[in-house]
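Everything below concerns the one structure shown next.
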Amino acid sequence: MRTRFAPSPTGYLHVGGLRTALSAYLLAKQSKGTFIVRIEDTDRERSVPDAVENMLTALHWAGIHPDEGVMLEKGLITQKGTRGPYIQSERLALYRHHAQELLKSGHAYVCFCSPKRLEKMRTEQEARKQAPMYDRTCIKLKDEEVQRRITSGEPHVLRLKVPRNEIIAYEDEIRGPMSFQGHTIDDQVLLKSDGFPTYHLAHVVDDHFMDISVVIRGEEWLSSTPKHLLLFQYLGWKPPRYAHVPLLLNKDRTKLSKRQSAVSVEEYVQKGYLPEAFVNFIALLGWNPGTTQEIFTLEDLIEAFSLDRMQKAGAIFDTEKLDWLQGQWIRRLPAAEFAKRVLPVVAEKYPPASRDKDFTAKTRLIQERVTFFSEAPALLSFFYEEPTPSVDLLANAKQKVSHEILPKILEELSNTLDGVLTDEWTESVLSETLKKLAEGNGWKIGQVLWPLRAALTGLPYSPGAYEVAAALGKDVTIARLEAARRLITQ
RNA sequence: GGCCCUAUCGUCUAACGGUUAGGACAUCAGGUUCUCAUCCUGAAAAUCGGGGUUCGAUUCCCCGUGGGGCUGCCA
420 MRTRFAPSPT GYLHVGGLRT ALSAYLLAKQ SKGTFIVRIE DTDRERSVPD AVENMLTALH
480 WAGIHPDEGV MLEKGLITQK GTRGPYIQSE RLALYRHHAQ ELLKSGHAYV CFCSPKRLEK
540 MRTEQEARKQ APMYDRTCIK LKDEEVQRRI TSGEPHVLRL KVPRNEIIAY EDEIRGPMSF
600 QGHTIDDQVL LKSDGFPTYH LAHVVDDHFM DISVVIRGEE WLSSTPKHLL LFQYLGWKPP
660 RYAHVPLLLN KDRTKLSKRQ SAVSVEEYVQ KGYLPEAFVN FIALLGWNPG TTQEIFTLED
720 LIEAFSLDRM QKAGAIFDTE KLDWLQGQWI RRLPAAEFAK RVLPVVAEKY PPASRDKDFT
780 AKTRLIQERV TFFSEAPALL SFFYEEPTPS VDLLANAKQK VSHEILPKIL EELSNTLDGV
840 LTDEWTESVL SETLKKLAEG NGWKIGQVLW PLRAALTGLP YSPGAYEVAA ALGKDVTIAR
900 LEAARRLITQ
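The working numbering puts the first residue of the first sequence at 420, with every later residue one more than the last.
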């Protein structure tokens, strides 16, 4: 199977775009087929520099790698494959050739109507409560007149001649049987006066020559599909299958917009979402496996995805579940991988972290306490700078550590831990030792552990006391306990 | 206005004629834990309305209603 993602380079990769790209990618991979990226830059005014690179970068981040077409190689935009070029502005001659064919076969006609006249026509039609449609003024023009006006340089377009009495029907891969009446379909412009094709002509030509098996695109294309089917028919080509995926919506159920939500994939990259979590989330929007599985790797998705389990109605892009997924994915990362990915973030605040041989042992302690890497530096602060606990932190009413017994607890803590051999300074030994200490003095374990943890971290919450003490080592632990004792006697 | 699509908890969704309408997120209430998280248990929460068809409709059909898309020499 050959599928494609064909964005217009008008900005950044939209989350909805990622969703259709993902569907196309999954389908291709599932069938051991080919996933193609094509750039549809037929609107010169809307094209934005860097857009192609940005989109490819975002796609790459998500783990969606094209097999053919436009892709990034060593950071450079390149094209690969035998059916190129894969950028529409480089295929103009091809579109013009087939436009001519359509003209010759009588399925298209030249139109000289100016934008101004068309605008006036539409206004009048609307005033009469009619559907705005081209009135076919130019369809009556004689060949000689058409030729004369073209040679004299008069601006013109090419329009599709839609049969008024036909019903155009097809079977959508997601929506099932679909049908449209010819007389409700406008005579679409195929070739603009600047010689560029419109989307309608260009994608039909490209999907044919690139041998695309299923076109997966947003629901906004549903009502122009009959025009595309007509084009395939008139050009004598077999049309691909079409699958129109439902749109993503704002909270108020309007079409997902920049005003109301973050819509570019880049924004989610910047917010620190894991590509695994984001792809997982996007995949579950409008699709479900039919089981209770919620966590999916890209591999899982390739295995499980199918168009017939796609939803027909639009889905609100509500990122609440994304945050949960993010937490799930953070916790699922192997400890070494987690350490590798947080390191840059932590090193930015604490440069020594990058030379820390025990970095993984430390990040292991915070892995299930963070949702975003950006939270890591604060949670690891006590490893890279002296903590500054206050008396009010060390004593804690809820833990039954009063200001009165605090000195005694700290003293016992210090003496007892000093007696633990450096060789035996492990979590389990510490746990055993401290339990004994608590029992011996008739204290609850929390009465011992709270002040210890507070003295070591200076934080109201952090990883557990045993773990922190073990990670910090004996000398630092004793030193910090002593510092705490000095603090409360001041 | 016309054409087309669509409709289950707040959200994402399951149930493809027969279920106490299921799961997940979020919410709330408990529990585990030295704190915070994690984790565990539980609760509350939905078939848009009206007609049909059928022994029986969330499910099929029709009509409304709501929402969405298209209606550009944009894609």
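Backbone N, C-alpha and C define an ideal beta-carbon position, used for all residues, glycine too. All of these numbers come straight from a predicted model, not from anything done at the bench.
Give me the residue from Val848, Arg872 and Glu851 with the minimum Cα distance to Leu812. Along the first sequence, one-based indexing puts residue 812 at 393. If we check each option's Cα against that of Leu812, Arg872 comes out closest.
Under 8 Å, with one C-beta from each stretch per pair, do the segment 605 to 617 and the segment 517 to 524 reach the 3-pair mark? yes
Starting from Arg421 and walking both ways along the beta strand (DSSP E), at which residues does that stretch end? Counting from one through the first sequence, the residue named residue 421 turns up at place 2. Where Arg421 is concerned, the enclosing beta strand (DSSP E) stretches over Arg421 to Phe424.
CA-CA distance, Val895 and Gly637? Along the first sequence, one-based indexing puts residue 895 at 476. Along the first sequence, one-based indexing puts residue 637 at 218. Straight-line Cα distance between these residues: approximately 59 Å.
Could you compute how far the alpha carbon of Ala588 sits from the alpha carbon of Pro645? To locate residue 588, count along the first sequence from 1; it is residue 169. To locate residue 645, count along the first sequence from 1; it is residue 226. About 7 Å.
Considering only their Cβ atoms, is the gap separating Glu901 from Ser833 smaller than 8 Å? As a first step, residue 833 must be located in the first sequence, where it is residue number 414. As a first step, residue 901 must be located in the first sequence, where it is residue number 482. Yes, they are a contact pair.
Residue range of the beta strand (DSSP E) that includes Gly637: Residue mapping note: residue 637 aligns to position 218 of the first sequence, counting from 1. Unbroken beta strand (DSSP E) run through Gly637: Val633 to Gly637.
Helix, strand or coil: which one does DSSP assign to Gly914? Since the displayed the chain opens at 420 and closes at 909, residue 914 lies outside it and no answer follows.
Using three-state DSSP, classify Glu831 as helix, strand or coil. Against the first sequence, residue 831 aligns to sequence position 412. Reduced to three states, the DSSP call for Glu831 is helix.
Give me, in chain order, the residues of the same chain whose beta-carbon lies closer than 6 Å to that of Ala884; leave out the 5 immediate sequence neighbours on both sides. By 1-based counting over the first sequence, the position of residue 884 is 465. Same-chain partners within the cutoff: Leu868, Leu871 and Arg872.
What is the DSSP secondary structure of Lys768, counted as helix, strand or coil? Looking up residue 768 in the first sequence gives position 349. Correct three-state label for Lys768: helix.
Going by Cα to Cα distance, which pick from Glu846, Leu620, Trp748 and Phe736 is closest to Leu511? Translated into the one-based positions of the first sequence, residue 511 becomes position 92. Of Glu846, Leu620, Trp748 and Phe736, the residue nearest in Cα terms is Leu620.
Helix, strand or coil, according to DSSP, for Lys781 in the structure here? The sequence position of residue 781 within the first sequence is 362, counting from 1. Helix.
Is the segment 658 to 676 touching the segment 428 to 442, taking contact as three or more C-beta pairs under 8 Å? yes
Given a threshold of 16 other Cβ atoms within 10 Å of its Cβ, counted over all protein chains shown, does Val633 qualify as buried or as exposed? Locating residue 633 in the first sequence gives position 214, counting from the first residue. Buried, since its Cβ has 16 or more Cβ neighbours within 10 Å.
Trp706 in three-state terms, based on DSSP: Walking along the first sequence from the start, residue 706 turns up at place 287. Strand, per DSSP.
Beta-carbon contacts of Pro659 that lie in its chain and below 7 Å, excluding the five residues immediately before and after: Working through the first sequence from its first residue, we reach residue 659 at position 240. Same-chain partners within the cutoff: Asp626, Ile631, Ser632, Val633 and Val634.
What residues in its chain sit with their C-beta under 8 Å from that of Gly671, if we drop five residues either side in the sequence? Position 252 of the first sequence, counted from the start, is the residue given in the question as residue 671. Reading off the sequence shown, one finds Asp at residue 671, where the question assumed Gly. Contacts found: Gln679.
Bridge-paired residues (DSSP) for Lys674: Residue mapping note: residue 674 aligns to position 255 of the first sequence, counting from 1. Lys674 pairs with Leu668.
If Leu798 and Arg788 are in contact, beta carbons under 8 Å, what's the gap, nearest whole angstrom? Position 379 of the first sequence, counted from the first residue, corresponds to residue 798. Position 369 of the first sequence, counted from the first residue, corresponds to residue 788. Leu798 to Arg788, Cβ: 6 Å. Contact.
Length of the line joining the Cα atoms of Asn596 and Ile586: One-based indexing of the first sequence puts residue 596 at position 177. One-based indexing of the first sequence puts residue 586 at position 167. Just to set this straight, residue 596 is Pro in the shown sequence, not Asn. Rounded to whole angstroms, Pro596 to Ile586 spans 13 Å at the Cα level.
Go through its chain and collect everything with a Cβ distance to Leu650's Cβ below 6 Å, but skip five positions before and after it. Reading the first sequence from its first residue, position 231 is the one you call residue 650. Contacts found: Val623.
Suppose only complete runs of 4+ residues qualify. What are the alpha helix (DSSP H) ranges in the segment 456 to 503, listed by chain order? 470 to 480
Quick check: what's the CA-CA separation for Lys863 versus Thr852? Indexing the first sequence from 1 puts residue 863 at position 444. Indexing the first sequence from 1 puts residue 852 at position 433. Distance between the alpha carbons of Lys863 and Thr852: 14 Å.
According to DSSP, simplified to helix, strand and coil, what is Leu620? For the purposes of this step, residue 620 is taken as the residue at position 201 of the first sequence. In this structure, Leu620 counts as helix in the three-state DSSP scheme.
Bounding residues of the alpha helix (DSSP H) (the contiguous stretch that carries Tyr514): Indexing the first sequence from 1 puts residue 514 at position 95. Start and end: Leu511 to Lys523.
Should the segment 569 to 581 be called in touch with the segment 526 to 539, which here means at least 3 C-beta pairs below 8 Å? yes
Three or more C-beta pairs below 8 Å linking the segment 837 to 853 and the segment 811 to 825: no
Do Ala888 and Leu875 have their C-beta atoms within less than 8 Å of each other? Translated into positions along the first sequence, residue 888 becomes position 469. Translated into positions along the first sequence, residue 875 becomes position 456. A contact, by the Cβ cut-off of 8 Å.
Quick one: complete alpha helix (DSSP H) runs, 4+ long, within the segment 823 to 875? 825 to 837 and 846 to 860
Span of the alpha helix (DSSP H) holding Ala588? Here the question's residue 588 lines up with position 169 in the first sequence. Counting along the chain, Ala588 falls outside any alpha helix (DSSP H), though it belongs to the beta strand (DSSP E) covering Ile586 to Asp591.
Proximal residues to Asp469 (C-beta, below 7 Å), its chain only, five neighbours per side dropped: Position 50 of the first sequence holds residue 469. Taken in chain order, the list of residues that qualify is empty.
Specify the secondary structure class of Ala527 as computed by DSSP and reduced to three states. Here residue 527 is taken as the residue at index 108 of the first sequence, counted from 1. Strand.
Where does His433 sit, in a helix, a strand or coil, going by DSSP? Here residue 433 refers to the residue found at position 14 when the first sequence is read from its first residue. If DSSP states are grouped into helix, strand and coil, His433 belongs with the strands.
Can you tell me where the alpha helix (DSSP H) with Gln909 in it begins and where it stops? Translated into positions along the first sequence, residue 909 becomes position 490. Gln909 -> no alpha helix (DSSP H), and no H or E assigned at all.
So, with DSSP's three-state summary, where would you put Phe757? Locating residue 757 in the first sequence gives position 338, counting from the first residue. DSSP places Phe757 in helix when its eight states are reduced to three.
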